[in-house]
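Start counting the sequence shown at 3; every next residue gets the next number (our numbering).
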Amino acid sequence: MITGTVSVVIRVRNEGSALRKVLSALNAQHLKPLEIIVIDNESLDDSKQVALEHGAKVMNISQTEFTYGKALNMGIRQASGEFICILSAHSLPIGPGFLDYAVAAFSEPKVAAVRCLSTTNRAELESWTKSGVLAWPVEIEKVISTAPVNCASMIRRSVWEQIPYDETLASVEDKFWAFQVLRSGFHTCSSAATYLYLKDFSFRDKLRVLHRDRLQFFRTTGRQWQEPPVSLRRLLAEALYNIPRRAVRAALYEVTLYAYLKTIPYHLKRKQ
Numbered sequence: 003m004i005t006g007t008v009s010v011v012i013r014v015r016n017e018g019s020a021l022r023k024v025l026s027a028l029n030a031q032h033l034k035p036l037e038i039i040v041i042d043n044e045s046l047d048d049s050k051q052v053a054l055e056h057g058a059k060v061m062n063i064s065q066t067e068f069t070y071g072k073a074l075n076m077g078i079r080q081a082s083g084e085f086i087c088i089l090s091a092h093s094l095p096i097g098p099g100f101l102d103y104a105v106a107a108f109s110e111p112k113v114a115a116v117r118c119l120s121t122t123n124r125a126e127l128e129s130w131t132k133s134g135v136l137a138w139p140v141e142i143e144k145v146i147s148t149a150p151v152n153c154a155s156m157i158r159r160s161v162w163e164q165i166p167y168d169e170t171l172a173s174v175e176d177k178f179w180a181f182q183v184l185r186s187g188f189h190t191c192s193s194a195a196t197y198l199y200l201k202d203f204s205f206r207d208k209l210r211v212l213h214r215d216r217l218q219f220f221r222t223t224g225r226q227w228q229e230p231p232v233s234l235r236r237l238l239a240e241a242l243y244n245i246p247r248r249a250v251r252a253a254l255y256e257v258t259l260y261a262y263l264k265t266i267p268y269h270l271k272r273k274q
């Protein structure tokens with residue numbers, strides 16, 4: 003098991019309730035963080051107070067100057083750990099071994115960054131035993147789908163010192179950083195460190211994020227980001243076949259459950 007110091011950098015805006023849970027989880031880690039740095043983007047709730055109550059250092063960034071890359075660079079400059087755990091305020095580490103699992107992959111000196119496992123990504127959870135190593139040469143589409151995501155990741159500080167995050171990007175700064183890191187001869191990989199999204203994204207939220215990320219990708223590369231893939235055939239199959247089938251199955255389940263519960267007294271009488 004590799005040993006080394008870990009600093010945590012968390013971006014937050016109006017997520018005091020979630021931040022409290024995240025900081026409590028970090029304080030419960032077997033591998034104690036050297037420091038926790040919270041970058042606050044003009045929160046109007048108690049986010050700052052929560053951070054201070056848990057012993058975190060708070061830094062401020064205004065909405066007018068905010069980009070994800072700039073906020074991260076600001077926090078990492080103030081960090082002194084050999085490895086930097088990057089979290090969003092709604093990304094809850096699961097279990098006291100989260101930091102241990104995340105840092106373990108850095109025993110390989112070429113590893114620059116680690117992707118953590120989201121509990122909402124079933125495919126990743128099912129294949130958590132696989133290394134998930136990315137190395138050059140690699141297509142940008144592969145990086146987009148499997149490289150570390152800055153809602154929950156860990157990076158090697160010495161690599162960041164050579165390649166900081168691009169502060170001009172409105173989003174997907176993590177993917178373009180990973181692409182540049184891979185092109186420079188480093189690797190990224192996955193880990194068994196698991197986290198839970200505490201934030202429920204509405205359809206509108208998902209559409210906003212999808213639009214923002216795809217737009218930035220197109221501006222930077224001049225190419226379409228085809229994930230998830232769009233297909234008229236699949237859309238028609240979903241609308242005309244899959245949705246009705248799921249509705250019928252759900253209705254049958256509810257009817258069966260209702261009938262079973264209502265007949266429990268009858269079954270008890272038969273056994274008497």
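Here a beta-carbon is modelled for each residue, glycine too, at the ideal position from N, C-alpha and C.
### Query
Among the residues of its own chain, which have a CB less than 7 Å from the CB of residue 76, if the five just before and after it don't count?
41, 61 and 63
### Query
Given a threshold of 16 other Cβ atoms within 10 Å of its Cβ, counted over all protein chains shown, does residue 9 qualify as buried or as exposed?
buried
### Task
Would you tell me roughly how many angstroms separate the C-alpha atoms of residue 107 and residue 85, rounded to the nearest one?
11 Å
### Query
Out of curiosity, what's the CA-to-CA distance linking residue 70 and residue 238?
37 Å
### Query
For residue 119 versus residue 127, is the C-beta distance shorter than 9 Å?
yes
### Query
For residue 158, which option in 145, 224 and 180 has the closest C-alpha, if you only look at C-alpha atoms?
180
### Message
Tell me which residue opens and which closes the alpha helix (DSSP H) that residue 25 is part of.
### Response
18-29
### Query
Whose C-beta lies closer than 7 Å to the C-beta of residue 186 among residues of the same chain, with five residues either side of it excluded?
165
### Query
How far does the alpha helix (DSSP H) with residue 60 in it reach, from first residue to last?
No alpha helix (DSSP H) contains residue 60, which is instead part of the beta strand (DSSP E) from 59-62.
### Query
Between the C-alpha atoms of residue 117 and residue 195, what's the straight-line distance to the nearest angstrom?
8 Å
#### Entry: Three-state class that DSSP yields for residue 120 in the structure shown
strand
### Alpha-carbon to alpha-carbon, residue 218 and residue 162
22 Å
### Message
For a test of the three-state rule: what should DSSP assign to residue 2, helix, strand or coil?
### Response
In the structure as shown, the chain starts at 3 and stops at 274, and residue 2 therefore has no counterpart that could be examined.
### Task
Please list the segments of the alpha helix (DSSP H) lying wholly inside the stretch 62-103, counting only runs of 4 or more residues, in order along the chain.
70-80
#### Entry: Start-end ranges of the beta strand (DSSP E) lying completely within the stretch 186-236, minimum 3 residues
189-199
### Message
Between 22, 66 and 176, which has its C-alpha nearest residue 57's C-alpha?
### Response
22
### Task
Report buried or exposed for residue 92, applying the criterion of at least 16 other Cβ atoms within 10 angstroms of its Cβ.
buried
### Query
Based on Cα-Cα distance, which residue from 74, 139, 269 and 35 lies nearest to residue 83?
35
### Query
To the nearest whole angstrom, what separates the beta carbons of residue 78 and residue 11, a pair I think is in contact under 8 Å?
6 Å
### Endpoints, alpha helix (DSSP H) assigned at residue 165
Careful: residue 165 lies outside any alpha helix (DSSP H) and carries neither H nor E.
### Task
Output the distance between the C-alpha atoms of residue 277 and residue 30, rounded to the nearest integer angstrom.
Residue 277 is absent from the model: the chain starts at 3 and stops at 274.
### Query
Beta carbon of residue 114, beta carbon of residue 178: below 9 Å?
no
#### Entry: DSSP three-state assignment for residue 113, whether helix, strand or coil
strand
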